[in-house]
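A.B. asks: This is the structure I have questions about; it appears just below.
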Amino acid sequence: LKEKHKILHRLLQNSTSPVEL
Amino acid sequence: PEAADLRSLAKLLLESYLKYFPLTKAKARAILSGKTGDNAPFVYHDMKSLPEGERFINCVGLVQEPTDEVQLRFFYSCQSRSAEAVREVTEFAKSIPGFVGLDLNDQVTLLKYGVIEVLIIMWAPLMNKDGTLISYGQIFMTREFLKSLRKPFCDMMEPKFEFSVKFNTLELYDSDMALFLAVIILSGAIEELPETVSTSLELQLKLNHPDSLQLFAKVLQKMTDLRQIVTDHVHLIQLLKKTEVDMCLHPLLQEIMRDLY
């Protein structure tokens, strides 16, 4: 799951800013 | 005491909902009913109005695709807004008591399966039978315009309109919506967590809508309809990927939709 959902993982672990998205 | 706990859960989720979703149902309905005075939304009703309205699209993190085609630019800004909305839903999910304590893989699974359902439910208050608000309520896009697009784009929004018009007849408040969104997010594979939130929703609906019989059952029934809409939506996007060779899908949306249904 982690390999296939890197962005979702990042969103869950940090408060990723809209620009980083 | 148990009811007091459920009420405090409802309060906490409403606060979180208001923090992450600034265009509330109450605000959207005010805009749609023309109660915002001079701040009426710009109306998209045909292709010519697309470039005129671009100044209202202040999407942060807009995908910078090198294209002069206004429809494509609009399509990419829709995708950027969707990705941003996924980020907002993720932050809301993290505020649900117990969510961040779950295994990270379970959190991913719940979000993957719940986030499009949540986005469609959140879109419902922005719609009426004639069209939908977009771009944080600054633009109103007519249903007829969306129906006039070439296939298969014209088929994309019509099922959401049909669902939303019916869903809106339930007349839920923002406080009900906050709990319902939490129920949707938690109703994946985890057995015990949703019970508290769904009991809180049941209590809240009884308090907020004493004359609306069986409202809790009607709201839960919408989850079945939602699943079908999401399945059809994902299949349509997968079809687009095959037929529209120039189309780029946002990597976050690709992640969510890959192997979804």
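Protein sequence lines, in the order shown, are assigned to chains A and B. Every number in my numbering is 2 more than the matching position in the first sequence, counting from 1. Every number in my numbering is 9 more than the matching position in the second sequence, counting from 1. Glycine included, every Cβ here is placed at the ideal spot set by N, Cα and C. This one's a predicted model, so the numbers in the text were calculated from it and none came from an experiment.
(1) What's the gap between the Cα of GLN116 (chain B) and the Cα of VAL95 (chain B)?
(2) Between SER184 (chain B) and GLN223 (chain B), is the Cβ-Cβ spacing less than 8 Å?
(3) With 16 as the cutoff for other CB atoms within 10 Å, does LYS251 (chain B) come out buried or exposed?
(4) At the level of alpha carbons, what is the spacing between GLU167 (chain B) and ARG152 (chain B)?
(5) Is the segment 177-195 of chain B in contact with the segment 205-212 of chain B, if contact means three or more CB pairs nearer than 8 Å?
(6) With distances taken from CA atoms, which of B:ASP55, B:ASP164, B:ASN177 is nearest GLN80 (chain B)?
(7) Since PHE51 (chain B) and GLY43 (chain B) are thought to touch, with beta carbons under 8 Å apart, how far apart are those beta carbons, to the nearest angstrom?
(8) For the segment 111-127 of chain B, list every residue whose C-beta sits within 8 Å of some C-beta in chain A, in sequence order.
(9) For the alpha helix (DSSP H) holding TYR182 (chain B), just list the boundary residues, first then last.
(10) Which same chain residues end up closer than 6 Å to LEU32 (chain B) when comparing Cβ atoms and leaving out the 5 residues on each side of it in sequence?
(11) Under 6 Å Cβ to Cβ from LEU135 (chain B), same chain only, skipping five residues before and after it: list those, please.
C.D. replies: Result, derived from the coordinates:
(1) Locating residue 116 (chain B) in the second sequence gives position 107, where the first residue counts as 1. Locating residue 95 (chain B) in the second sequence gives position 86, where the first residue counts as 1. If you take the alpha carbons of GLN116 (chain B) and VAL95 (chain B), they lie about 14 Å apart.
(2) Here residue 184 (chain B) corresponds to residue number 175 of the second sequence, with the count starting at 1. Here residue 223 (chain B) corresponds to residue number 214 of the second sequence, with the count starting at 1. Taking 8 Å as the Cβ cut-off, SER184 (chain B) and GLN223 (chain B) do not qualify as a contacting pair.
(3) Indexing the second sequence from 1 puts residue 251 (chain B) at position 242. The residue in question, LYS251 (chain B), is exposed, as its Cβ has fewer than 16 Cβ neighbours within 10 Å.
(4) Here residue 167 (chain B) refers to the residue found at position 158 when the second sequence is read from its first residue. Here residue 152 (chain B) refers to the residue found at position 143 when the second sequence is read from its first residue. Each residue's alpha carbon lies about 8 Å from the other.
(5) yes
(6) As a working note, residue 80 (chain B) is residue 71 in the second sequence. Comparing Cα-Cα distances from GLN80 (chain B) to each of B:ASP55, B:ASP164, B:ASN177, the minimum goes to B:ASP55.
(7) On the second sequence, position 42 is the one that residue 51 (chain B) refers to. On the second sequence, position 34 is the one that residue 43 (chain B) refers to. Not confirmed; about 14 Å, so no contact.
(8) LEU113, ASN114, GLN116, VAL117, THR118, LEU120, LYS121
(9) Taking the first residue of the second sequence as 1, we reach residue 182 (chain B) at position 173. Counting along the chain, TYR182 (chain B) falls outside any alpha helix (DSSP H), and DSSP gives it neither H nor E.
(10) Position 23 of the second sequence holds residue 32 (chain B). Answer for LEU32 (chain B): TYR145, GLY146, listed in chain order.
(11) Working through the second sequence from its first residue, we reach residue 135 (chain B) at position 126. For LEU135 (chain B), where only same-chain residues beyond five positions count, the Cβ hits under 6 Å are ALA37, THR141, LEU142.
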